[in-house]
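Protein sequence lines correspond, in order, to chains A and B.
Heads up: the first sequence runs through residues 75 to 577, numbered per the working numbering.
Heads up: the second sequence runs through residues 23 to 307, numbered per the working numbering.
The C-beta atom is built at its ideal place from N, Cα and C for all residues, glycine as well.
None of the values given here were measured: they were computed from a predicted structure.
The structure appears below as structure tokens.
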Amino acid sequence: MEEVLKIVQDETLTYHQQLLALAKVAENLDHTIQLSDEVIQAKKDGVICDMGEGNLPYRPRYIIPDYQLFMEKGSKFLELEPPKDLWEACNNLLIMYRHVPSITSFPVYLGNLDTLLEPFVEKMDLVEAKKCLRLFLLNIDRTLTDSFVHADIGPKDTKTGRLILELTEEMQLAIPNLTLKYDPELTSDEFAQLCAVCMMKTAKPSFANHRMFVSEWQEDYAIASCYNGLRIAGGGYTLQRLRLYEMSTKANSIDEFLNKTLPYYCDLMWNLMNDRICFIVEKSSFFKSNFLVTEGFLKQENFTGMFGLVGLAECCNHLLGIQDPKKGFGNNKEADELGVKIIQTIEDFVNSKEAKYCESTNNRYRLHAQVGLDSDGRENSPGCRIPVGCEPEMAKQIAHSTLFHKYFPTGIGDIFKYEETWLKTPMALVDIIKGALAQGMRYYSGYLASNDVVRVTGYLVKKSELAKLDAHKQSLNNVSVFGKGARDYSNALDRRVHESTCQ
Amino acid sequence: MLLTAESMKAPVNKIISFSNVDGPGNRTSIFFQGCPFKCWYCHNPETIHRCNNCGACLETCPASALSMIDGKVVWDKEKCVDCDTCIHTCKFMASPKIEELEVAEVIERIMPNRPFIRGITVSGGECMLHAEFLKELFREVKKMGLTCLIDSNGSIDFSKHEELMELCDGVMLDVKAYDPVFHEALCAHSNHRTLNNLHYLLSINKLLEVRTVILPNYPEENLQTVTHVSEIILDKCDYKLLKYRPFGVREEALDKMGRIIASDEECKRLREIAISKGAIRTIIV
Ligand code: SF4
Ligand code: SF4
């Protein structure tokens with residue numbers, strides 16, 4: 075067991091990171107879920123990737139508890155009464171978070187924090203409320219040490235929302251990731267501007283297209299992990315992904331790709347997902363005995379399967395024989411049209427297959443534009459994104475995003491990097507975001523080029539933490555190591571800087 | 023004007039899709055070619071004159087994007103790599119990269135930006151040289167539900183363009199100097215019209231902001247300009263004091279204008295003075 079020893083001796087891993095790595099080794103010793111030879115080959119070829127989920131899922135990948143219910147009735151299992159003030163509410167939540175599993179064992183969703191806490195903040199002196207929230211956020215940053223930990227605010231302007239923004243700026247923490255559910259009719263311009271300033275300075279919150287999400291999920295949706303749309307009191311069982319660049323190398327022509335290669339691998343991956351989901355629901359203990367389920371914080375029927383993909387850009391460029399990525403996908407009409415065709419084909423496929431245990435999503439899996447793993451290198455750009463460094467001017471980049479965003483209810487997003495002057499004119503940025511969302515963009519993220527906290531592909535890291543890893547020191551944040559990989563192997567931090575004016 | 027709206031054209035130096043520095047919110051900025059002033063500190067001297075087709079820049083273009091056809095310089099936008107070598111070559115404060123555009127063509131360029139902007143800003147050069155064109159342009163832009171701002175040095179009489187003023191949502195006016203002699207020296211042009219325009223625009227309620235560049239080598243002139251402008255505009259519009267920056271200023275002007283940025287202390291002092299004179303909406307940029 076060389077692997078086990080390696081983990082135990084790795085000086086860059088914290089104790090918890092070692093523990094998780096060791097658990098993964100153990101999980102992978104089991105082969106109850108049998109893989110077909112075709113799937114094994116597809117994984118070996120790098121066409122299908124299981125996102126490190128392990129052989130034997132003992133909990134859904136992403137869990138979105140109904141924290142509102144938890145606020146209202148407390149928990150028998152945790153022996154917690156419903157909170158009476160902000161201190162109790164924050165304390166209850168912090169306790170709860172430690173009991174919400176996920177693929178990384180850290181909770182990927184912390185709740186719509188402003189609406190959850192507003193009733194308590196309203197009853198309290200603002201200075202004390204801010205102190206309480208400061209400790210709450212500090213606790214989260216130091217104990218839930220994983221940038222996929224995600225909280226939501228909005229769409230309405232609240233005292234709590236404003237305090238969270240103030241603290242986010244003051245504290246400059248990478249955790250939690252934060253989303254504003256933005257609807258120009260429900261969110262005031264003033265609040266949107268505050269969020270825009272905070273986003274420029276700290277890389278969060280991102281702006282989620284509230285209307286679009288509501289149209290697909292109804293009101294009770296959450297944004298979790300990177301930018302994943304999921305249902306509250308539910309979540310995502312599993313996320314598997316197609317690596318489209320590798321897939322494109324298996325076809326000799328566009329026709330062959332669309333009519334043979336793509337359907338073949340889609341089918342393989344769909345079946346793999348089905349096997350895993352059936353195992354979680356039918357054989358693992360999770361939906362039978364976990365208190366989140368038995369106390370009603372989760373309902374099995376609110377979960378869905380996330381059908382993921384990466385590398386559309388490189389796939390299209392390869393199929394069209396385009397060598398220079400600057401002249402390809404994102405800057406080339408033919409490549410973009412092929413991209414839409416591919417995604418449409420995948421969507422049609424997924425919609426044609428009735429999926430078990432996905433009652434709340436019409437018994438279908440939902441598409442997810444995966445942001446990439448540190449190990450992907452430059453061969454597979456995140457989801458449907460334009461390769462880093464090849465981004466056209468902002469208006470065109472947005473227009474390009476809108477071609478694809480509607481296909482991905484379980485998440486897709488684009489990131490923009492700005493130079494300083496935008497900070498002086500947050501309303502100009504809000505104008506752009508409003509336009510982008512109205513045009514059909516789902517999720518908009520941005521940050522200033524000069525920040526310490528920066529967005530890598532979907533998650534946040536501190537450049538200063540990456541420097542620690544460079545010096546072979548431990549980083550408390552679980553994902554700093556992904557950020558390092560993404561920076562070193564995919565040049566993920568070299569995205570185009572949008573100037574105060576762009577043609 | 024003999025030309026009809028359909029065939030009217032104007033020389034456009036550049037169109038910037040998104041700009042956050044040309045008025046409130048995000049805007050599309052349209053820069054017209056040609057300017058009656060010739061300010062020492064001009065940062066875009068290539069916008070001052072129309073090209074005289076001397077042909078010098080043809081030689082230096084690395085992308086063969088320039089050619090001479092029937093005695094006129096023709097620019098091939100597709101071939102151009104935007105290196106600006108031609109602009110540095112040109113001794114006439116001109117650019118070969120000018121497009122003669124019709125109103126409809128400018129509208130076509132604005133259209134894709136429409137969801138993301140709240141309006142357009144016309145600038146230059148001096149855009150008011152093309153006031154008739156602007157009138158037609160604004161009429162169309164208004165139909166798109168966008169606002170129209172003018173960025174001007176005030177060298178053209180606004181009061182002669184009432185219709186345009188009605189269509190326009192506001193003017194951002196440069197007052198470069200108050201003293202006529204210094205203005206003449208600085209801009210090779212009188213400031214008489216600019217000051218008349220300042221009063222006129224205030225009277226019709228179309229003055230959005232006034233801007234004055236604070237020069238490191240001319241403290242007295244700075245003081246005089248800021249004092250008078252403040253007394254005129256009071257709290258009726260924004261007053262932006264722009265710090266002089268030497269970047270992009272042409273070499274022969276640098277000796278006069280200085281190679282340093284105007285100091286923070288000087289700008290802050292002038293801001294205090296402006297506020298004490300009643301221009302409470304004064305900021306330093
Ligand atoms: S742009 Fe200048 S250098 Fe080129 S032809 Fe015109 S005047 Fe001559
Ligand atoms: S900027 Fe001028 S010199 Fe450079 S390629 Fe374009 S036309 Fe030629």
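Chain A partners of residue i, CB-CB under 9 Å?
i, result
"Arg-140/B", "Met-501, Ala-502, Asp-505"
Since residue i meets chain B, which of its residues come closer than 9 Å, beta carbon to beta carbon?
i, result
"Thr-261/A", "Within chain B, no residue comes near Thr-261/A; the closest Cβ sits about 17 Å away, beyond 9 Å."
"Gly-509/A", "Asn-48, Asn-135, Arg-136, Pro-137, Phe-138, Ile-139"
So with CB distances below 7 Å, who are the chain A contacts of residue i?
i, result
"Asn-239/B", "Within 7 Å Cβ-Cβ: nothing; Asn-239/B doesn't reach chain A, min ~26 Å."
"Val-271/B", "The premise fails here: Val-271/B is roughly 19 Å from chain A at the closest Cβ pair, so nothing lies under 7 Å."
Going along chain B in order, which residues have a C-beta closer than 8 Å to the C-beta of residue i?
i, result
"Ala-512/A", "Pro-137"
Is residue i a contact residue of ligand 1, with contact defined as CB to any heavy atom under 7 Å?
i, result
"Cys-64/B", "no"
"Cys-123/A", "no"
"Thr-143/B", "no"
"Ser-89/B", "no"
"Ala-387/A", "no"
"Gly-56/B", "no"
"Cys-76/B", "yes"
"Cys-272/A", "no"
"Thr-111/B", "yes"
Near residue i, what residues of its chain come up, given a Cβ to Cβ distance below 8 Å and the 5 sequence neighbours on each side ignored?
i, result
"Glu-127/A", "Arg-135, Ile-177, Thr-312, Leu-313, Gln-314, Arg-350"
"Leu-276/B", "Pro-268"
"Arg-122/B", "In the sequence on display, residue 122/B carries Glu and not Arg. If we look at Glu-122/B and ignore the five residues flanking it on each side, its Cβ neighbours are Lys-31, Ala-32, Pro-33, Val-34."
"Val-121/A", "Leu-316, Arg-317, Glu-320, Met-321, Lys-324, Tyr-339"
"Leu-24/B", "With a pLDDT of only 49 at Leu-24/B, under 50, the local geometry of the prediction cannot be trusted, and no value is derived from it."
Does any heavy atom of ligand 2 sit closer than 7 Å to the C-beta of residue i?
i, result
"Thr-69/B", "no"
"Trp-291/A", "no"
"Thr-348/B", "With chain B covering 23 to 307 only, the question about residue 348/B has no answer from this structure."
"Cys-73/B", "no"
"Pro-33/B", "no"
"Val-96/B", "no"
Take residue i and list the residues in its own chain whose beta-carbon comes closer than 7 Å to its own, dropping the five residues that flank it on each side.
i, result
"Thr-169/B", "Arg-140, Gly-141, Asp-191"
"Ala-153/B", "Ile-178, His-183, Leu-186"
"Pro-156/A", "Met-145, Glu-146, Lys-147, Gly-148"
"Val-424/A", "Phe-381, Arg-438, Tyr-439, Leu-441"
"Ala-510/A", "Ile-472, Tyr-518"
"Asn-42/B", "Asn-48"
Whose C-beta lies closer than 6 Å to the C-beta of residue i among residues of the same chain, with five residues either side of it excluded?
i, result
"His-71/B", "Phe-114, Met-115, Ala-116"
"Phe-155/B", "Met-30, Ala-32"
"Phe-194/A", "Asp-159, Leu-160, Ala-163"
"Ala-27/B", "Here the model assigns Ala-27/B a pLDDT of 49, short of 50, so the residue's position is not dependable, and the following value carries that caveat. Closer than 6 Å at Cβ, skipping near neighbours: Glu-158."
"Asp-488/A", "Ser-475"
"Leu-497/A", "Met-274"
"Asn-186/A", "Asp-226"
"Thr-575/A", "Confidence in Thr-575/A is poor, its pLDDT being 47 and thus under 50, which makes the residue's placement too unreliable to answer from."
**Q.** Within the region 176-247 of chain B, ranges of the beta strand (DSSP E) (whole runs, at least 3 residues)
**A.** Taken in chain order, the whole beta strand (DSSP E) runs of length 3 or more contained in the region 176-247 of chain B are 192-196, 229-236.
Q) Which runs of the beta strand (DSSP E) fall wholly inside the region 324-398 of chain A and span at least 3 residues, in chain order? A) Taking only runs of at least 3 residues, the beta strand (DSSP E) segments lying wholly in the region 324-398 of chain A are 377-384.
Q | Cβ pair count under 8 Å reaching 3, the region 348-361 of chain A against the region 320-335 of chain A | A | Not touching, per the Cβ criterion.
(Q) For the structure I just gave you, are there three or more beta carbon pairs, one from the region 116-128 of chain B and one from the region 143-152 of chain B, closer than 8 Å? (A) With the cut-off at 8 Å, the region 116-128 of chain B and the region 143-152 of chain B do not touch.
Q) Are at least three pairs of beta-carbons, each pair with one atom in the region 260-268 of chain B and one in the region 221-239 of chain B, less than 8 Å apart? A) Because the criterion of three Cβ pairs below 8 Å is met, the region 260-268 of chain B and the region 221-239 of chain B touch.
Q.
Tell me whether the region 33-48 of chain B and the region 491-504 of chain A touch, counting them as touching only if at least three CB pairs, one residue from each stretch, are closer than 8 Å.
A. Result yes; three or more Cβ-Cβ pairs closer than 8 Å.
Q: State whether the region 340-348 of chain A contacts the region 269-276 of chain A, with contact taken as three or more CB pairs (one from each stretch) at a distance under 8 Å.
A: Here the region 340-348 of chain A does not lie against the region 269-276 of chain A, with fewer than 3 beta-carbon pairs under 8 Å apart.
Q.
Please give the ranges of any beta strand (DSSP E) in the region 121-151 of chain A, keeping only runs that are unbroken, at least 3 residues long and fully inside the region.
A. Taken in chain order, the unbroken stretches of beta strand (DSSP E) that lie wholly in the region 121-151 of chain A and span 3 residues or more are 136-138.
(Q) So within the region 203-268 of chain A, which uninterrupted alpha helix (DSSP H) runs reach at least 4 residues, ignoring any that extend past its ends? (A) Runs of alpha helix (DSSP H) with 4 or more residues, each lying fully within the region 203-268 of chain A, are found at 233-245, listed in chain order.
**Q.** Three or more C-beta pairs below 8 Å linking the region 220-231 of chain A and the region 252-261 of chain A
**A.** Touching, yes.
**Q.** the region 82-93 of chain A in contact with the region 104-114 of chain A per 3-pair CB rule at 8 Å
**A.** The answer is no - the region 104-114 of chain A does not touch the region 82-93 of chain A, with fewer than three Cβ pairs under 8 Å.
Q: Could you pull out every unbroken alpha helix (DSSP H) segment of at least 4 residues lying fully inside the region 43-103 of chain B, listed in chain order?
A: Fully enclosed alpha helix (DSSP H) runs of 4 or longer: 78-82.
Q. Hey, is the region 399-409 of chain A in contact with the region 453-461 of chain A, meaning 3+ C-beta pairs nearer than 8 Å?
A. The answer is yes - the region 453-461 of chain A touches the region 399-409 of chain A, with three or more Cβ pairs under 8 Å.
Q. Which full runs of the beta strand (DSSP E) of 3+ residues lie inside the region 263-319 of chain A, going along the chain?
A. Counting whole runs of 3 or more residues, the region 263-319 of chain A contains the beta strand (DSSP E) stretches 280-283, 295-298, 302-305, 308-317.
Q | Three or more C-beta pairs below 8 Å linking the region 98-110 of chain B and the region 126-140 of chain B | A | They do not touch, by the three-pair rule.
**Q.** Contact the region 367-377 of chain A vs the region 426-435 of chain A: 3+ CB pairs below 8 Å
**A.** The answer is yes - the region 426-435 of chain A touches the region 367-377 of chain A, with three or more Cβ pairs under 8 Å.
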